[in-house]
Amino acid sequence: MTVVLPSGLEKTSVVNGSHAMMDLLVELCLQNHLNPSNHALEIRSSETQQPLNFKPNTLVGTLNAHTVFLKEKVPEAKVKAGPAKVPEKTVRLVVNYLRTQKAVVRVSPEVPLQSVLPVICAKCDVSPEHVVLLRDNVAGEELELSKSLNELGIKELYAWDNKRVLLTKTQSEPSLSCRGTVSPALPPPAAPCMALG
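In this text, residue positions in the sequence shown follow the numbering used here: the first is -8, and each later residue adds one.
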């Protein structure tokens, strides 16, 4: 029988037809100083040159083959097409809402807040149309939805219900000229400010 080694070198070997294919693999690997666990046998049809299917316990003589190919197994990692998919990195984002409530969501720090907004709204049970994302509840700085958490450098934000905030502002701030002097937390002044404008 002709044995074709992984290097392409051909060798003639006398093989016992009553040996199982697994035994033949071990025997050929020992003769050629190869590791049987890293190699496999391939036998092709003499007519079609297509690989024949066989079991490890199939007897060599039953296959009626004159050439056997000793091939190196390809590691599974190489078989998979394309680069390995890296798991998406996520971070814990603390969302403060309804003044005293907190929620934690896992989101990608790379995507813009616009993409994260539906997750925040679902977790906090608020409508995306009415929510405003703020950096904190003191300065009231509105966050740009086109920027990501990494770009903004935050891991915590405040989700305010815009509808509720607007309603509160109209009740507590009767005049635009008072906006700079009246704190939203304080009650409106007793005297009207219309005269200032």
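Beta carbons are placed, not taken as given, at the ideal position from N, Cα and C, and that holds for glycine.
Since we're looking at a predicted model, the values are computed, not measured.
| Item | Value |
| --- | --- |
| First and last residue of the beta strand (DSSP E) that includes Gln92? | 92 to 98 |
| Is the Cβ-Cβ distance between Leu61 and Val(-5) less than 8 Å? | yes |
| State whether the region 5 to 24 contacts the region 47 to 64, with contact taken as three or more CB pairs (one from each stretch) at a distance under 8 Å. | yes |
| Verify whether the separation of the beta carbon atoms of Leu104 and Val96 is less than 8 Å. | no |
| Exposed or buried, which one is Ser118 when buried takes at least 16 other CB atoms within 10 Å? | exposed |
| First and last residue of the alpha helix (DSSP H) that includes Glu101? | No alpha helix (DSSP H) holds Glu101; DSSP gives it neither H nor E. |
| Within a Cβ cutoff of 7 Å, which residues of the same chain sit near Gly(-1), ignoring the five residues on either side of it in sequence? | none |
| Do Lys80 and Pro100 have their beta-carbon atoms positioned less than 8 Å apart in this structure? | yes |
| Could you tell me the distance, in whole angstroms, from the CA atom of Lys138 to the CA atom of Val102? | 8 Å |
| Skipping 5 residues on each side, what residues in its chain have a beta carbon closer than 7 Å to that of Met12? | Leu32, Phe45, Pro47, Thr49, Val51 |
| Distance check for Leu15 and Gln41, CA to CA, integer angstroms please. | 20 Å |
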